[in-house]
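For reference, the structure is listed below as structure tokens.
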Amino acid sequence: MDALNDKPMTRWERFKDNDIVWSFLGSPGAMIAAVVSTVMILACFFAPLIAPFDPFDPAQISLWDGKLPPAWVEGGQSQYVLGTDNQGRDMLSTILYGGRLSILVGLAAICLGMVMGVILGVIAGYVGGVTDAVIMRLADVQLTIPGILLAILINGIGRAALPLELREEFAIYVVILAIGLTDWPQFARVARGATLVETNKEYVQAARIIGLPSWLVMVRHILPNTLRPILVIATIGLALAIISEATLSFLGQGIPPTTPSLGTLIRVGNEYLFSGLWWITLFPAIALIVLVFSVNLLGDWLRDALNPKLR
Amino acid sequence: MVSFILKRLAQSLLVMAIVSAVSFSLFNFVGDPVNNMVGQDATREQRVEIRQQLGLDDPILTQYVRFIGNMTKGEFGLSYRIKRPVDDLILERLPATIELVFVSAIISLFFGIVLGIYTGIKRNSWVSRVILSTSLAGVSLPTFVIGIGLIYVFAVHLRWLPSSGRGGTIDLGWWKTSLLTVDGWRAIILPSITLSLFQLTLILRLVRAEMLEVMRTDFIKFARARGLSEKAINFRHALRNTLVPVITIIGLNIGGLIAFSVVTETVFQWPGTGLMFIQAVGFVDVPIMAAYLVFVALLFVIINLVVDILYFVIDPRIRLGG
Numbered sequence: 004m005d006a007l008n009d010k011p012m013t014r015w016e017r018f019k020d021n022d023i024v025w026s027f028l029g030s031p032g033a034m035i036a037a038v039v040s041t042v043m044i045l046a047c048f049f050a051p052l053i054a055p056f057d058p059f060d061p062a063q064i065s066l067w068d069g070k071l072p073p074a075w076v077e078g079g080q081s082q083y084v085l086g087t088d089n090q091g092r093d094m095l096s097t098i099l100y101g102g103r104l105s106i107l108v109g110l111a112a113i114c115l116g117m118v119m120g121v122i123l124g125v126i127a128g129y130v131g132g133v134t135d136a137v138i139m140r141l142a143d144v145q146l147t148i149p150g151i152l153l154a155i156l157i158n159g160i161g162r163a164a165l166p167l168e169l170r171e172e173f174a175i176y177v178v179i180l181a182i183g184l185t186d187w188p189q190f191a192r193v194a195r196g197a198t199l200v201e202t203n204k205e206y207v208q209a210a211r212i213i214g215l216p217s218w219l220v221m222v223r224h225i226l227p228n229t230l231r232p233i234l235v236i237a238t239i240g241l242a243l244a245i246i247s248e249a250t251l252s253f254l255g256q257g258i259p260p261t262t263p264s265l266g267t268l269i270r271v272g273n274e275y276l277f278s279g280l281w282w283i284t285l286f287p288a289i290a291l292i293v294l295v296f297s298v299n300l301l302g303d304w305l306r307d308a309l310n311p312k313l314r
Numbered sequence: 023m024v025s026f027i028l029k030r031l032a033q034s035l036l037v038m039a040i041v042s043a044v045s046f047s048l049f050n051f052v053g054d055p056v057n058n059m060v061g062q063d064a065t066r067e068q069r070v071e072i073r074q075q076l077g078l079d080d081p082i083l084t085q086y087v088r089f090i091g092n093m094t095k096g097e098f099g100l101s102y103r104i105k106r107p108v109d110d111l112i113l114e115r116l117p118a119t120i121e122l123v124f125v126s127a128i129i130s131l132f133f134g135i136v137l138g139i140y141t142g143i144k145r146n147s148w149v150s151r152v153i154l155s156t157s158l159a160g161v162s163l164p165t166f167v168i169g170i171g172l173i174y175v176f177a178v179h180l181r182w183l184p185s186s187g188r189g190g191t192i193d194l195g196w197w198k199t200s201l202l203t204v205d206g207w208r209a210i211i212l213p214s215i216t217l218s219l220f221q222l223t224l225i226l227r228l229v230r231a232e233m234l235e236v237m238r239t240d241f242i243k244f245a246r247a248r249g250l251s252e253k254a255i256n257f258r259h260a261l262r263n264t265l266v267p268v269i270t271i272i273g274l275n276i277g278g279l280i281a282f283s284v285v286t287e288t289v290f291q292w293p294g295t296g297l298m299f300i301q302a303v304g305f306v307d308v309p310i311m312a313a314y315l316v317f318v319a320l321l322f323v324i325i326n327l328v329v330d331i332l333y334f335v336i337d338p339r340i341r342l343g344g
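Taken in order, these protein sequences are the chains called A and B.
Going from the first sequence to this note's numbering is simple: count from 1 and add 3.
Going from the second sequence to this note's numbering is simple: count from 1 and add 22.
Dropping the structure here:
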């Protein structure tokens with residue numbers, strides 16, 4: 004700010020001066036969303052430390068305690084705050100463990116899509132010509148079919164290609180692959196667009212002229228400048244990836260009930276909905292909605308904050 | 023014009039070629055087709071006979087050409103599980119899906135466009151703000167959660183509406199409709215709301231953004247400077263110019279509805295093609311999977327093609343610029 008001030012800014016001051024941080028501190032919605040999603044993600048990741056029970060330890064589960072309502076409802080027990088499911092697992096603990104799996108699968112899938120999309124997009128934009136045409140045509144073709152349908156298809160093919168005994172074990176990886184492969188075209192489009200803009204700038208031409216190999220120009224010079232728009236799609240994409248995983252699991256095509264994710268929990272709970280055991284479905288559903296909503300809010304704010312046109 | 027359409031047509035053919043190759047390879051790479059057609063206790067001779075009948079010993083290219091030939095005739099063989107021709111199965115279940123998508127399209131387009139225009143014109147009123155924040159929540163709600171919620175409230179708790187199935191149907195030749203019976207209408211309410219809600223929020227946001235964009239243009243400022251009434255500006259000038267993108271929206275909308283009908287049909291046990299597809303995936307019923315893949319791709323290619331051509335016809339900027 005003060006150019007005449009001879010004292011150099013400390014790291015913290017420079018950090019506070021950043022336009023994104025400034026915009027963040029001026030937007031209460033984004034701050035709440037950030038706090039909620041951080042708390043949820045941390046709680047899920049430290050599930051083994053926080054969760055009152057270990058839902059995967061048969062010694063801690065007894066069928067006698069099955070189908071207990073939440074603690075504040077008549078018939079509930081205080082040790083099971085959110086009640087228990089049909090097998091007698093504590094709902095709060097299962098949700099924490101399930102949320103961890105959902106978030107991990109979402110993150111892994113979006114990373115896969117991002118890495119693939121950014122690599123292909125930067126190459127398409129930098130190299131141009133036939134390579135560009137082939138990659139982008141492929142992206143166009145894929146974008147004509149909605150993501151969820153494609154994910155169901157890839158997932159179905161992946162499962163079918165595996166031998167029956169390996170299907171459960173590899174279910175998680177198949178889901179990650181299916182969602183990741185559906186996501187890459189958006190990343191490729193944005194990365195290509197940013198690359199086209201950067202390639203014509205002088206610093207890139209200078210780097211080319213001094214004879215740097217093209218991969219080095221792409222990685223060191225172009226890639227860092229495409230990251231801002233990529234970050235926006237990645238955030239919104241994370242919310243979508245979590246929804247996709249939950250949808251696949253709900254359809255019975257995703258994560259198996261032995262290691263449940265939020266979607267699997269909702270699916271299992273859905274079978275007990277008609278008998279009035281609402282809590283087995285409701286709490287995982289709420290966890291899913293709050294998680295997705297807060298990540299979506301963050302993404303929305305990030306998009307506005309990084310887009311100078313809207314400021 | 024002709025070259026534009028030809029280009030689009032070529033792209034559509036390319037999509038279909040890729041999709042048909044994928045769907046053809048499904049038969050070869052996913053399980054052994056012979057094992058799927060005969061029982062465990064079939065003899066060696068029976069297996070060899072079926073292999074020859076299916077032409078599985080021919081070169082792969084010959085098989086692919088034959089597959090394409092059958093595909094254009096709409097033949098995908100017998101379902102492994104139900105042992106009936108796949109095209110019959112799809113045709114039988116198609117009316118259920120089309121009716122569901124049709125009703126949902128009307129709900130989402132009507133409310134999406136009306137609310138979008140409203141929030142676009144009165145951008146600062148509190149009603150608009152409430153609608154907008156609700157719509158962000160709508161984007162975050164997974165379709166199946168909406169479905170479960172509606173089932174719990176209206177079917178389990180209040181017992182007003184059925185939770186699954188299509189209700190009574192009436193036979194109109196080869197088309198079985200449920201839109202002509204009272205319990206058919208009762209049955210379609212919850213699934214169609216579930217299916218349309220996500221699309222509704224999407225359309226609302228698109229129309230609103232488009233409306234805001236148009237409101238900022240010079241000709242609206244000029245109309246205002248001329249002293250035209252708000253009503254004339256909003257409806258005669260602004261709305262007309264937002265209607266062009268609505269075509270794209272309708273195309274996107276129908277595509278999205280078909281995609282999510284898979285989820286909605288599963289939640290409500292709606293006997294359509296989406297439910298059939300999910301069951302087929304579960305049982306690795308390759309002929310149905312392959313047929314559904316080709317069928318859906320064809321549908322999307324046609325929708326995209328029609329949208330592109332309509333765009334071209336309606337918007338002179340694209341016609342003259344492109």
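For every residue, glycine included, the Cβ atom is placed at its ideal position computed from N, Cα and C.
These figures come from a predicted structure and were not determined experimentally.
Quiz item: Ordered along the chain, which non-local residues of its own chain (more than five positions away) have a Cβ less than 8 Å from that of A/Thr134?
Solution: Result list for A/Thr134: Ile126 and Ala127, in chain order.
Quiz prompt | CA-to-CA distance, B/Glu287 to A/Glu172, given in whole angstroms | solution = Distance from the CA of A/Glu172 to the CA of B/Glu287, rounded to the nearest whole angstrom, comes to 28 Å.
Quiz item: What first and last residue would you give for the alpha helix (DSSP H) that runs through B/Trp207?
Solution: Where B/Trp207 is concerned, the enclosing alpha helix (DSSP H) stretches over Val204 to Met237.
Quiz item: Considering only C-alpha positions, which residue in the set A/Thr261, A/Leu254 and A/Ala290 is nearest to A/Asn273?
Solution: Looking at the Cα atoms, A/Leu254 is the closest of the given residues.
Quiz item: Of all the options B/Phe166, B/Leu31 and B/Val268, which has the alpha carbon lying nearest to the alpha carbon of A/Glu248?
Solution: Answer by Cα proximity: B/Phe166.
Quiz item: Looking at B/Leu158 and A/Asn89, is the spacing between their C-beta atoms short of 9 Å?
Solution: No; because the gap between Cβ atoms is not below 9 Å, this pair is not in contact.
Self-check item: Three-state secondary structure (DSSP) of B/Leu131
Solution: In the displayed model, B/Leu131 falls within a helix according to three-state DSSP.
Quiz item: How many Å lie between A/Gly109 and B/Ser186 at the Cα?
Solution: Take the alpha-carbon of A/Gly109 and the one of B/Ser186: they are about 31 Å apart.
Practice problem: Return the first residue and the last residue of the beta strand (DSSP E) that B/Lys198 is part of. | Solution: Unbroken beta strand (DSSP E) run through B/Lys198: Trp197 to Thr199.
Quiz item: What residues match up with A/Thr87 in a beta bridge as DSSP calls it?
Solution: Looking at the DSSP output, A/Thr87 bridges to A/Asp93.
Exercise. For A/Gln256, go through chain B and note every residue whose CB falls closer than 7 Å to its CB, in chain order.
Key: Within chain B, the residues near A/Gln256 are Val303.
Quiz item: What do you get for B/Ala247, buried or exposed, if any count of 16 or more other CB atoms within 10 angstroms of its CB means buried?
Solution: By the 10 Å Cβ count, B/Ala247 comes out exposed.
Quiz item: Listed from N- to C-terminal order along the chain, which residues in the stretch 136–147 of chain A have their beta-carbon within a distance smaller than 8 Å of any beta-carbon of chain B?
Solution: Only those residues of the stretch 136–147 of chain A whose C-beta falls short of 8 Å from the nearest C-beta of chain B are listed: Arg140, Asp143, Val144 and Thr147.
Self-check item: Burial state of B/Asn326, where buried means 16 or more other Cβ atoms lie within 10 Å
Solution: A residue is called buried when at least 16 other Cβ atoms come within 10 angstroms of its Cβ; B/Asn326 meets this threshold and is buried.
Quiz item: Hey, B/Ile272 and B/Tyr333 are a contact pair by Cβ (cut 8 Å); roughly how many whole angstroms apart?
Solution: So it is not a contact: roughly 11 Å between Cβ atoms.
Self-check item: Cβ contact check for the stretch 100–116 of chain B and the stretch 207–225 of chain B: 3 or more pairs under 8 Å
Solution: These segments do not touch.
Quiz item: Between B/Ile310 and B/Leu111, is the Cβ-Cβ spacing less than 9 Å?
Solution: Between B/Ile310 and B/Leu111, the C-beta gap is smaller than 9 Å, which places the two residues in contact.
Quiz item: Does any C-beta atom of chain A lie closer than 9 Å to the C-beta of B/Gly239?
Solution: Position check: residue 239 of chain B holds Thr in this sequence, whereas Gly was assumed. Closer than 9 Å to the CB of B/Thr239 there is not a single CB belonging to chain A.
Quiz item: Does any C-beta atom of chain A lie closer than 9 Å to the C-beta of B/Ala209?
Solution: Closer than 9 Å: no.
Quiz item: Is B/Phe220 closer than 9 Å to B/Gly160 when the C-beta atoms are compared?
Solution: Going by C-beta atoms, B/Gly160 is nearer than 9 Å to B/Phe220.
Quiz item: Given B/Thr216, which residues of its chain have a CB within under 8 Å of its CB, disregarding the five upstream and five downstream residues?
Solution: The beta carbon of B/Thr216 sits closer than 8 Å to those of Thr165, Ile168, Gly169, Leu172, Thr286, Val289 and Phe290, all from its chain and outside the five residues before and after it, given in chain order.
Quiz item: Using a C-beta to C-beta distance shorter than 8 Å, which residues of chain A count as neighbours of B/Val328?
Solution: Within 8 Å Cβ-Cβ: nothing; B/Val328 doesn't reach chain A, min ~13 Å.
Self-check item: Residue nearest to B/Asn256 in terms of C-alpha spacing, selected from B/Val266, B/Gly249 and B/Met237
Solution: If we check each option's Cα against that of B/Asn256, B/Met237 comes out closest.
Quiz item: Under 9 Å between C-beta atoms, does A/Asp307 make it to chain B?
Solution: Nearest CB-CB separation between A/Asp307 and chain B: not below the 9 Å threshold.
Exercise. Within the same chain, show all residues whose beta-carbon is closer than 6 Å to that of B/Leu224, passing over the 5 residues directly before and after it, in chain order.
Key: Around B/Leu224: no qualifying Cβ.
Quiz item: Quick one: is B/Phe132 buried, meaning 16 or more other Cβ sit within 10 Å of its Cβ, or exposed?
Solution: With fewer than 16 Cβ atoms within 10 Å of its Cβ, B/Phe132 is classed as exposed.
Exercise. Check the C-beta distance from B/Ser47 over to A/Ala242 and give it rounded, since I have them as a contact under 8 Å.
Key: The pair is not a contact, with the Cβ atoms about 33 Å apart (cut-off 8 Å).
Quiz item: Going by the beta-carbon positions, is the gap between A/Leu265 and A/Ile44 smaller than 9 Å?
Solution: Not in contact: A/Leu265 and A/Ile44 (Cβ atoms no closer than 9 Å).
Practice problem: Over the uninterrupted beta strand (DSSP E) stretch that includes A/Ile258, give me the two end residues. | Solution: That residue, A/Ile258, is in no beta strand (DSSP E); it is neither H nor E in DSSP.
Exercise. Kindly identify the DSSP beta-bridge partner or partners of B/Pro107.
Key: Looking at the DSSP output, B/Pro107 sits in a beta bridge with B/Leu100.
Practice problem: Compare the C-beta of A/Phe286 with all C-beta atoms of chain B and state if any pair is closer than 9 Å. | Solution: No, A/Phe286 does not count as interfacial toward chain B.
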